[in-house]
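K.L.:
Read in order, the letters of the sequence shown correspond to residues -6 to 490 in this note's numbering.
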Amino acid sequence: MRILSGGLQHETNTFAVTPTTLADFERDSHFGPGLGDPERIRERFRGTNTIHGGYLKAAGELGFDLVPVLNLRAYPSGIVTREAFESLVSELLHRIRSALPADGILLDLHGAMVTEDYEDAEAEIVRRVREVVGDAVPVVVTLDLHANISPLLPELADIIIGFDTYPHVDMGDRGYEAVALLAQVVATTLKPCMAYRQLPLLTLPPMQCTLREPMSVFLQTLHALEARPGIVTASVAMGFPFADIDCMGVTVLAVSDGDQELAETAVDELAEQLWALKQQLQPQLVTIEEAMQESRQTDGLVIFADGSDNPGGGAPCDGTVALSALVEAGFAGAVVATLCDPEAVKLAVRAGEGAEVRLSLGAKVDDLHGDTLHVEARVLKLSDGNFVFGGAMACGLEDTMGDTALLEINGVRVVVTSVRKQCIDRNMIRVAGVELDTVSLLVLKSAVHFRADYGPYASLILDADTPGVHRPDFNGFDYQNNRSQKCYPLNLFAELS
Ligand SMILES: [Zn+2]
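1. Please report the distance separating the alpha-carbon of N379 from that of T181.
2. Within 8 Å: the Cβ of Y159 and any heavy atom of ligand 1?
3. Candidates G251, H45, V427 and P144: which alpha carbon is nearest V243's?
4. Could you tell me if N484 is buried or exposed, where buried requires 16 or more neighbouring beta carbons within 10 angstroms of its beta carbon?
5. Tell me whether D364 is buried or exposed, calling it buried when 16 or more other Cβ atoms sit within 10 Å of its Cβ.
6. What is the C-beta distance between P199 and P276, in whole angstroms, given that I count them as a contact (C-beta under 8 Å)?
7. For V338, which residues of its own chain have a beta-carbon under 6 Å away from its beta-carbon, when the five flanking residues on both sides are left out?
8. L373 to D292, Cα distance in whole Å?
9. By DSSP, does T431 sit in helix, in strand, or in coil?
10. Going by DSSP in three states, T22 sits in which element: helix, strand or coil?
11. Identify whether A264 lies in helix, strand or coil by the three-state DSSP scheme.
12. Excluding the 5 residues preceding and the 5 following Q273 in the sequence, name in chain order all residues of the same chain whose CB lies nearer than 8 Å to its CB.
13. Pairs of beta-carbons, one from the stretch 110 to 118 and one from the stretch 51 to 59, closer than 8 Å: are there three or more?
14. Please report how far the alpha carbon of T74 lies from the alpha carbon of G305, in whole angstroms.
15. Report, in whole angstroms, the separation of the C-beta atoms of L294 and L435, which I expect to be a contact under 8 Å.
16. Closer than 6 Å by C-beta to L183: which residues in its own chain qualify, once you throw out the five before and the five after it? Chain order, please.
17. Cα separation between A325 and N403?
18. Verify whether the separation of the beta carbon atoms of A140 and I44 is less than 9 Å.
19. Applying the 10 Å Cβ sphere with the 16-neighbour rule, what's the burial state of P94?
20. Residues in its own chain within less than 6 Å of A308 by CB, not counting five upstream and five downstream?
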């Protein structure tokens, strides 16, 4: 059995000011020039807890010939340019055409890519792939939990499998599941019938987390449903809320073996159970001043989850609101990780370790994430920022923060990087020179993903009340699209029809 896999991933924050270009995909995919051939893709993802890592593991164990033709991503940011989308999809189609024939196709997509032309870019990718491979070849699509799924996509794909978890610690498992199900479809032992339903419900990252209630309990409901006879797989896409597009919001999907009615009943059940949780899905936010107070009264580590400036959701990661308050208070024991400011890193590198340097720091990309700080900083440590994920999420994958400087400003340490990178793994602060047991208050520009690796070490985790393009508060955004205006909580009277 010969299976081709392709991947193009982007989570698009339509409120972010920086558009996403071809150069962003080239840089963030880590293949250097040439966009990666099958062998480079195998090398990069084999043994990692990623979707393609799961594809490769399953293909090896189940004995299939898997040819990964392309797998590219750009770090979350603003709308993807037409030029980037068209050239990337052309390349994907060209590589698929060259690698045919195939018994089946796997597509490793995100589900929240928005381009200048397409609100549901994944549906357009699958539509074009279908044109190349025809209707007879099964296509299985994997999506992030943050996918915003329009009705087009389920019409084009045979099976859609979403991540169950947030933090996304089940990427490898979902990739494996995709291969296993595709193999059954190719062998005609499975006849997938997929049901799709979008709820009039919008949710925000802090409460989408499946490590805390109510979603931790709902995850058990989802797994119980998947264990029901005749049901093959089911997914809940919580949606990526920082996208002003019509299909933004929560979607449920279920696949049965040959019984459309059974799949429809399953999504109706999931929809009703999720709808009943809607009031519990609204986060409580805490200011940095309150967090300092909590930290003074708490033994052990307090984490201030500054999701409003989360680069993993398209924010610039150079916001200064929390840092500024900590510096003003001289809050020794506080660490801010990470803050992206390549210009400041260059000055720190020029000054050298141990030197004092005058810097203009942060808040340079836009005027939505605080004011630039003009400070005297001590350069504690310099590094190349290279690391390997050691936590459950993306475990084994190599990545980099670029040249990185650990600075100290009035007793507060800040990890300043050259590349935007969400600080979800303890190895990131470790290579920067911070040992976690020296930290009492840790500001992480991450909404939820940090919980997989840092969570077990925290006495208390607080969701930050800070400004930004990833602020978990619908009131901070001017949504123009029709659907979201009709959804809870923008419309408190919305009903599940
Ligand atoms: Zn996600």
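Every residue gets a Cβ at the ideal spot worked out from N, C-alpha and C, and that includes glycine.
Quantities reported herein were computed from a predicted structural model and do not represent experimental measurements.
P.N.:
This is what the structure gives:
1. If you number the sequence shown from 1, residue 379 lands on position 386. If you number the sequence shown from 1, residue 181 lands on position 188. About 45 Å.
2. For the purposes of this step, residue 159 is taken as the residue at position 166 of the sequence shown. Yes, since a heavy atom of ligand 1 falls inside the 8 Å radius drawn around the Cβ of Y159.
3. Taking the first residue of the sequence shown as 1, we reach residue 243 at position 250. Here the closest residue by C-alpha is P144.
4. Residue numbering aside, residue 484 sits at position 491 when the sequence shown is read from its first letter. That one is exposed.
5. Translated into positions along the sequence shown, residue 364 becomes position 371. Label assigned to D364: exposed.
6. Working through the sequence shown from its first residue, we reach residue 199 at position 206. Working through the sequence shown from its first residue, we reach residue 276 at position 283. At roughly 4 Å, the Cβ-Cβ gap stays under 8 Å, so P199 and P276 are in contact.
7. Your numbering for residue 338 matches position 345 in the sequence shown. Correct list, in chain order: D396, A398, V409 and S411.
8. The residue labelled residue 373 in the question sits at position 380 within the sequence shown. The residue labelled residue 292 in the question sits at position 299 within the sequence shown. Distance between the alpha carbons of L373 and D292: 26 Å.
9. By 1-based counting over the sequence shown, the position of residue 431 is 438. Three-state DSSP puts T431 in a helix.
10. The residue labelled residue 22 in the question sits at position 29 within the sequence shown. In the sequence as displayed, the identity of residue 22 is Ser instead of Thr. In the structure shown, S22 sits in coil (DSSP, three-state: anything other than H, G, I, E or B).
11. If you number the sequence shown from 1, residue 264 lands on position 271. Here A264 sits in helix by DSSP.
12. Within the sequence shown, numbered from 1, the residue matching residue 273 stands at position 280. Excluding sequence neighbours, Q273 sits near M200, E206 and P207.
13. no
14. Along the sequence shown, one-based indexing puts residue 74 at 81. Along the sequence shown, one-based indexing puts residue 305 at 312. Those two C-alpha atoms are separated by around 19 Å.
15. Here residue 294 is taken as the residue at index 301 of the sequence shown, counted from 1. Here residue 435 is taken as the residue at index 442 of the sequence shown, counted from 1. With a Cβ gap of about 6 Å, L294 and L435 count as contacting.
16. As a first step, residue 183 is located in the sequence shown; it is residue number 190 there, counting from the start. Taken in chain order, the residues that qualify are Q177 and D250.
17. By one-based count along the sequence shown, residue 325 stands at place 332. By one-based count along the sequence shown, residue 403 stands at place 410. Straight-line Cα distance between these residues: approximately 8 Å.
18. In the sequence shown, the residue the question calls residue 140 occupies position 147. In the sequence shown, the residue the question calls residue 44 occupies position 51. Going by C-beta atoms, A140 is not nearer than 9 Å to I44.
19. Here the question's residue 94 lines up with position 101 in the sequence shown. Per the 10 Å Cβ criterion, exposed.
20. The residue labelled residue 308 in the question sits at position 315 within the sequence shown. Around A308: D302, G461, V462 and H463.
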